[in-house]
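What follows is a single structure, written as C-alpha cells, with notes after it.
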Amino acid sequence: GGGGEGSGAGSAGGGVQAGSGSAPAGGAGQHGNSGGSSPIVAVGEARSEAEAVTALALSTVAGPGDPLWLLVGHASGSLAAWDLQRRPPRLVALVAGQHGLPVTHVSFFPGRGASHVLSADRRGRLLLHSFTHIVLKTAVASRVVMDGSLGPLGAIVHLQPFFTAMPPPSS
1 GGGGEGSGAG SAGGGVQAGS GSAPAGGAGQ HGNSGGSSPI VAVGEARSEA
51 EAVTALALST VAGPGDPLWL LVGHASGSLA AWDLQRRPPR LVALVAGQHG
101 LPVTHVSFFP GRGASHVLSA DRRGRLLLHS FTHIVLKTAV ASRVVMDGSL
151 GPLGAIVHLQ PFFTAMPPPS S
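Heads up: the sequence shown is residues 1 to 171, going by the UniProt record's numbering.
This is the structure we're talking about:
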C-alpha cells in the first residue's frame with residue numbers, strides 16, 4: 001500500500017519542503033535524469049531550518065476519485081498537505097499552531113483517502129486532522145487525541161481489525 005506512517009529527517013537545503021504554495025525559482029516541476037525516465041517532482045521551496053522536513057506520508061489511492069496527497073511534517077510543528085496530481089503540485093492545506101514542537105510522525109488513515117490524518121510531535125502530542133473539501137478550498141478541523149503526558153510516540157501503526165484479518169471459515 002502507498003499510505004501509512006512515514007518519518008524522516010530533511011534539511012533546509014534539500015528534500016521536499018512546503019512553502020507558500022509557490023514554486024521554487026525554476027518553478028515546481030519535474031526533473032529527470034539524463035535518460036529522461038522517472039521524474040522527480042519538486043514541491044515548494046527550501047526555507048529556514050524551522051521548516052526542515054521531519055515526517056512524510058503519502059495517501060492511498062483506492063479509486064479514480066481519490067486524491068494523491070503528500071503530507072509533510074516540519075521542524076516548526078506545522079503540517080502541509082500537497083496535491084501531487086496537479087501540475088505543478090498544489091498546497092491544499094497548511095496546519096500551523098497545533099504542534100509547538102517538531103512533527104515526528106504523520107499518517108493517513110487507510111481506506112479514508114486523504115480525509116483523515118494523524119500527526120504526532122516530539123513530546124507525544126497526537127492530533128487527528130479532518131480535511132473537508134468545500135468548493136475551491138480545503139478546511140481542516142484538528143483535535144487532540146493524546147496530550148503528550150505519556151511521552152513521545154515510537155510510531156503510528158494502523159492495525160487491521162481481527163475479524164477482517166481472519167480467513168472465512170471453511171464448510
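Idealized CB from N, CA, C, for every residue including glycine.
Rounded separation between residue i and residue j - CA only
{"i": "Val106", "j": "Gly65", "result": "23 Å"}
{"i": "Ser76", "j": "Ser170", "result": "53 Å"}
{"i": "Leu68", "j": "Gln85", "result": "6 Å"}
{"i": "Gln160", "j": "Phe131", "result": "23 Å"}
{"i": "Val140", "j": "Glu49", "result": "25 Å"}
{"i": "Ala52", "j": "Pro152", "result": "20 Å"}
{"i": "Glu45", "j": "Leu128", "result": "27 Å"}
{"i": "Ala57", "j": "Val135", "result": "25 Å"}
{"i": "Gly154", "j": "Thr138", "result": "30 Å"}
{"i": "Val61", "j": "His116", "result": "13 Å"}
{"i": "Gly100", "j": "Leu71", "result": "18 Å"}
{"i": "Gly97", "j": "Pro110", "result": "26 Å"}
{"i": "Phe108", "j": "Ser59", "result": "6 Å"}
{"i": "His74", "j": "His158", "result": "22 Å"}
{"i": "Thr54", "j": "Leu118", "result": "15 Å"}
{"i": "Arg87", "j": "Ala120", "result": "29 Å"}
Local conformation of residue i per DSSP, three classes
{"i": "Leu159", "result": "coil"}
{"i": "Gly73", "result": "strand"}
Cβ-Cβ distance between residue i and residue j below 8 Å
{"i": "Val95", "j": "Asp83", "result": "no"}
{"i": "residue 177", "j": "Val43", "result": "This structure leaves residue 177 out entirely; the chain is present only between 1 and 171."}
inquiry  = Going residue by residue through the stretch 81–166, where are the continuous alpha helix (DSSP H) segments of at least 4 residues, counting only ones entirely within it?
reply    = 162–165
inquiry  = Pairs of beta-carbons, one from the stretch 144–162 and one from the stretch 120–129, closer than 8 Å: are there three or more?
reply    = Three or more Cβ pairs closer than 8 Å define a contact, and the stretch 144–162 meets that threshold against the stretch 120–129.
request  = Pick out the complete beta strand (DSSP E) segments inside the stretch 41–68, 3 residues or longer, and give them in chain order.
outcome  = 53–58
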